[in-house]
Each structure stands twice: as C-alpha cells, then as structure tokens.
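Numbered continuously in this note's numbering, the sequence shown closes out at residue 282.
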Amino acid sequence: MRKYVFVMDFFFSEFQGGAELNAETLANSLKQNGAEIELINSSRVTIEFMQQRINDVFVFGNFVLLSEESKNFAINNLTYLIYEQDHKYLKTRNPIFFPNFKAPKHMLCNIDFFKGAKKNLFLTKLSKDVFVDNTGLDNVHNLGCSIWSKKDLNVMRQLCNSEKVDKVAVLDSDNPIKKRAKTVEYCEKNNLSFELIKDKNYHKFLEKLSRYKKFIFFTGHLETCARILVEAKMLNVEVSYQKKLIGAASEPWFKLSGLELIDEVEKICEEMPIKVMEIANE
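The following block contains the structure:
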C-alpha cells in the first residue's frame, strides 16, 4: 500500500478550524484503513522533501503557504490529490462576490495546480459544481460530506436527545466571515433570546450546542459544506441559514436530523477513505 503525505497550512492543534479538522480526520481514517500517513505543514514542503517521497501519494489540503516552486514540482513529478475546502482556485477564495458564483478569468488562480491533480476532492455537490463552472476542469470527485471520526459521531449520539432550552445559539467567532455581529443584530431585531457559544474543546462545544432549540448561522462565504450546521442538525437543533450559500444543503442527506442523520453521515464517513484510496490507485 502506498504512503500518503498530507500537506496542510496548519494542523488542528495550531488552528482550530473546520478545514483543519476535516483534513486530519480524513488522514486518520486512511490510517485506520491500513495506509501509512505522514503529516507536514505546507510551508515546510521543499523540492528536496518531495524528491525523497516521489513514489508517495500527496494530499494537499490548504496550501496557501506552499511555494510556487513546490507546486510546479508537484505538477510535473508527483501523484497528488487536492482536498478542496475553501475555493483556492479564486484570488478572493470566495465566489460570493460574483454573479452566479462565476468569477471573471483574471480572478482565477492555481489552475495548473488543480489541473495536474489526479483528482480534486470536494465536500459537496455545490462546491464541486461551482469549481467546475469556474475552471472547466473535470478531474473532480464529490465525497459528499465533511468527515467525522466514530468517536465524534458517538459523542453526538449521546448528546442529540439532550433537553433543549428555548433559546437561539449563535457562534461566538471573531472570524468576520462567520458574521457574528449580523447574527446578533438579527436576533435583537426579531426579539429572539440568544446566547453566544464557543469552546476550544471540540466535544465541550458540541455539548453546549446540543442544549439549544435553534442555531442561527449567517455566513459571508460560500460554505463548501458548513460542518457546524451539519453538527447542529445531528444534535437535533433546528437550523436557520442562507440555503444558497451552504454546500451541505445541496446533498440529499441534509433533510435528515438527529440519529437518522448521524447514521447516514457515519456510512459516508466509513466509505470515504476507501474511495480516496481507490482514486489514488486508479
């Protein structure tokens, strides 16, 4: 079995974002299915590093800190996949600014890097379709969801039937894309009782989220999945969101909630590493 080298700008321990958690969970899932895994920050990926691993499969997650020289070497010499989570084919990294999410050609970037990939992997149909519409590339595959470990899904199983308070949960994030101020303003204008929630401990955050009747999520970004919305639904929390901006809403399973959704997501997550390895070995 070939070795997989996962390249990320930051690990989840360094930056607690959904993209980082997804990439590491996918790497761990491949490992649990028998693959040998190596993790490295993109800023540390040199040509010498890649030369020493020329027969390995590289999986590029976020790669903003990857040098152009390293990209060019990968294009010409490596077997690699791109785990696309944040529109790195656009200079803005956000198609929301363009009519029908289609950017003018001069706003595209990294196209040769995406073209050179064995496959570009997407979280949802919406994120794949917007990529194809912008780039015209067809080396794409929709994985159909974000990915969770069995441990995390079991935590949500235990929490999904928690007693709910009649309040709205609002994500307490300093990230301007997550629109905390807009969400708070919406709640205040509509006389909704709300509380801001956050926690650096992922399972404690899920526990907090599970206690609320409703979760309101506004975004200034086309969300390739919107992991937190899926988590809210798995926790039997009602959700309010901008449908056109949510990748998860383009998937058939998004109509489910609670244990039914957890079971469906678990099936997808179990199949995902097997499919990724099949793609790498095609």
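C-beta: ideal position from N, C-alpha, C; glycine also.
Inset, instruction - Please determine, among Ile197, Glu282, Arg2, the residue with the shortest C-alpha to C-alpha distance to Phe58. - result: Arg2
Legend entry - Three or more C-beta pairs below 8 Å linking the stretch 139–147 and the stretch 122–130: yes
Legend entry - Start-end ranges of the beta strand (DSSP E) lying completely within the stretch 39–76, minimum 3 residues: 57–60
Inset, instruction - With DSSP as the reference, label Glu36 as helix, strand or coil. - result: coil
Inset, instruction - Assign His87 to one of two classes, buried (16 or more other C-beta atoms within 10 Å of its C-beta) or exposed (fewer than that). - result: buried
Legend entry - Complete runs of the alpha helix (DSSP H) confined to the stretch 112–188 [at least 4 residues]: For the stretch 112–188, whole alpha helix (DSSP H) runs of length 4 or above, ordered along the chain, are 125–135, 150–159.
Inset, instruction - Determine the contact status of Ser42 and Leu66, defining contact as a CB-CB distance below 8 Å. - result: A distance below 8 Å separates the beta carbons of Ser42 and Leu66.
Legend entry - Secondary structure of Leu196, DSSP reduced to three states: strand
Inset, instruction - Compute the minimum distance between the beta carbon of Thr183 and the heavy atoms of the ligand ADP, and state whether it is under 7 Å. - result: No copy of the ligand ADP occurs in the structure displayed, which carries no ligand at all.
Inset, instruction - Check whether the Cβ atoms of Leu26 and Ile147 sit closer than 8 Å, and answer yes or no. - result: Yes. Within cutoff.
Legend entry - Reduced DSSP secondary structure (H/G/I, E/B, other) of Leu78: coil
Inset, instruction - Could you tell me the distance, in whole angstroms, from the CA atom of Leu259 to the CA atom of Ser250? - result: 20 Å
Inset, instruction - Assign Met234 to one of three DSSP states: helix, strand, or coil. - result: helix
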